[in-house]
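Residue numbers (this note's numbering): 648 to 1352.
Ideal placement from N, C-alpha and C gives every residue a C-beta, glycine not left out.
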Ligand code: GCW
């Protein structure tokens, strides 16, 4: 298309869409597009409510607050908002902390503010100096930025704006993205291009995207980022890299985004002689034994060096003795020995350690699902106070569906950080539309019964169950250099949902979807409902066409994308599909009940008994916990084999429905987004069909009806 006809098409589509969405949207604006409000009546009311703003004080964060208010309201209201020093008219937005803003002080909200902590905020419709105003108040400037984004979200999502009385503060303290970005610019399990971090160009060149990234995170309340992969390259701790990291941290800081690093446990060692070895370091020591005084000193010196460069550095994330990464067990020490030496080095500066529980040493137990629990539960109470144990939501590895990780509830003395995966490693990469909030809610709402009924994973994570001194949640990022950040436009919804749930895990998946749709796709009520329905069932559909009824890890080896149920290879059998599905002529599934590996014993009663008995085990986990005969009667009355087939068919059916539904949105969403999603859905349908055909053909060789 030549540029003139492109422009004409754009004008035509803007016209058709009554100004609610712009044309040729490449998705780069995420949920912060601030398109003009189409409804004229609402536009008028909004213009009256927000005609001017008073933001007292000056700092990098306050400048961002001003900028965001201006950018947001100028776009949404098609206006030219002005800023003033005093409240002179109705429709003023007042933003300030008690310390810096006299009008805020005059309101006498001190007791309400005290309860909010450093990041919370109040938004209230109020009379100030005899004028109608909307007030954003907080204890710290970062709270003002969060409050600003909250108010703008309300305008974007067409929420009620009169009589505002919002009190908001995060339920979880550390809300982090974990990037699995390598130093060469590739991303492990990344499906949206290359890494955002341009190590070669840093620190001299600051890519504008660093700022956009920080802004997007701040809009959700994400307050930390681990910028490099847990399969960490030790060079990240070299002085030259610390300078690059300083530059990144400086961009992130005013957005409340703290910088963290993944470290390699063997960093104190001299560099490995063998290329590609995971054992070397950047130091000159002969050992990385955490109990060696020289090693302890090495980490202390390194921490000091880091904090000189990045005074608000967050801390270390560590993958140790897992998948070939070095760790304390190399020296006959345990995980807490390893974590504590780092914790000791970081403690004087307020830094933390996030020690991952993603370990599965075959020597620990023949059942991979049991290994982390067995290694970590005996160490409860042995970790230093500034150590989190960071556990994935399930005991194996981010499968489309797993039962909850049995560690949750089982470590009352050790703050557990919940690790979710935003990037869709096992869920169709950035090719499938799979909205993950319903999955995350399933985990958060899961009742572990650790302290009797009502012991949800959410309560473990937010610290209220065990009174943890610190609380955290992490999401493995799905961002990359693609224009739309996440590869699939709908994958943005997963980044969005992670951030929103990290702030408030009580939000529903539906509410979050609604917000995201209105901010990203369309504010049209009916279009919104249609898209929400598509999204809400998409996770369950993906499970159905990939791994229904508790099947797991039957993806292509290594790549984890398409199906490969036949994959078998000795001796690393816990990498293979046949290890997990155990199909034979008697049936299918992994017997983890008391007659098998007894993984069910790692859960609290009555969850344990419920999972253990084939009659009470929820069907969604059936083949995770039981080896079940092909002719087993399911709740539906069908046999297991029939039910498996029905699931694969239903999964495909759902994708077809998504396609049909999406077609109805033609002309009602941006044309570029429309065709982008349309193409992705075609791939998804082909893939779902391949999944069914491959898996059924394979299982058919065993199944007997
Ligand atoms: O999910 C698996 C991935 C690995 C990853 C590992 C981990 C970063 O397949 O790519 O490594 O988990 O979580 O450490």
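For the pair residue 1119 and residue 1037, the CB atoms are nearer than the 9 angstroms cut-off. Taking C-beta atoms as the reference points, residue 973 and residue 920 fail to come closer than 9 angstroms. Within the same chain, 1078 come within 7 angstroms of residue 1330 by CB-CB distance, once the 5 residues on both sides are set aside. For residue 1105, the uninterrupted alpha helix (DSSP H) run begins and ends at 1104-1108, by DSSP. Residue state for residue 1145 is assigned as helix, using DSSP reduced to three classes. Annotated three-state conformation of residue 1040 is coil, per DSSP. Distances from the CA of residue 1125 to each of 1137, 1114, 1087 and 1305 were compared; the closest alpha carbon is that of 1137. In this structure, residue 1275 lies near residue 1235, with their beta-carbon atoms less than 9 angstroms apart.
Runs of beta strand (DSSP E) with 3 or more residues, each lying fully within the stretch 707-771, are found at 739-744, listed in chain order. Considering only 1072, 1105 and 821, the residue with the shortest C-alpha distance to residue 999 is 821.
Membership of residue 1003 in the beta strand (DSSP E) is indicated by the continuous run 999-1003. Here residue 766 is buried, its C-beta having at least 16 other C-beta atoms within 10 Å.
Residue range 1318-1347 is occupied by the alpha helix (DSSP H) that includes residue 1326. In this structure, the straight-line span from the alpha carbon of residue 751 to that of residue 862 is close to 25 angstroms. Comparing C-alpha distances from residue 1017 to each of 1263, 1293 and 1237 shows the shortest one belongs to 1237. With a cutoff of 9 angstroms on beta-carbon distance, residue 990 and residue 1023 are scored as not near each other. Closest by C-alpha distance to residue 978, out of 937, 1323, 1142 and 760, is 937. Between residue 807 and residue 744, the C-beta gap is not smaller than 9 angstroms, which leaves the two residues out of contact. For residue 905, the uninterrupted beta strand (DSSP E) run begins and ends at 905-910, by DSSP. Judged by DSSP secondary structure, residue 864 falls within the alpha helix (DSSP H) whose first and last residues are 855-867. Nearest to residue 1146 by alpha-carbon distance, out of 923, 994, 1051 and 818, is 818. The beta-bridge partner set that DSSP reports for residue 1202 consists of 1210.
According to the DSSP secondary-structure assignment, residue 1216 is paired through a beta bridge with no residue. Spatial neighbours of residue 1185 in its own chain (CB-CB distance under 6 angstroms, excluding positions within 5 residues in sequence) are listed in chain order as 1080, 1081 and 1082. Taking 9 angstroms as the cut-off, the Cβ atoms of residue 1205 and residue 839 do not count as close. Less than 9 angstroms divides the Cβ of residue 1063 from the Cβ of residue 1035. Under the Cβ criterion (8 angstroms, minimum of three pairs), the stretch 796-803 counts as touching the stretch 714-721. Residue 823 is not a Cβ neighbour of residue 880, given a cutoff of 9 angstroms. Secondary structure of residue 960 (DSSP, three-state): coil. Straight-line spacing of the CA atoms in residue 789 and residue 935 works out to 39 angstroms. In this chain, residue 806 is not harboured by any alpha helix (DSSP H), its DSSP state being neither H nor E. Comparing alpha-carbon positions, the option among 1102, 1076 and 1283 lying closest to residue 1141 turns out to be 1076. Closer than 8 angstroms to some heavy atom of ligand 1: that describes the Cβ of residue 966. Assigned with DSSP and collapsed to three states, residue 830 falls in coil, not helix or strand. Exclusion of the five residues before and after residue 1160 leaves 1179 and 1182 as the residues of its chain whose Cβ lies within less than 6 angstroms of its Cβ. Residue 1216 sits exposed, since fewer than 16 C-beta atoms from the chains shown fall within 10 Å of its C-beta.
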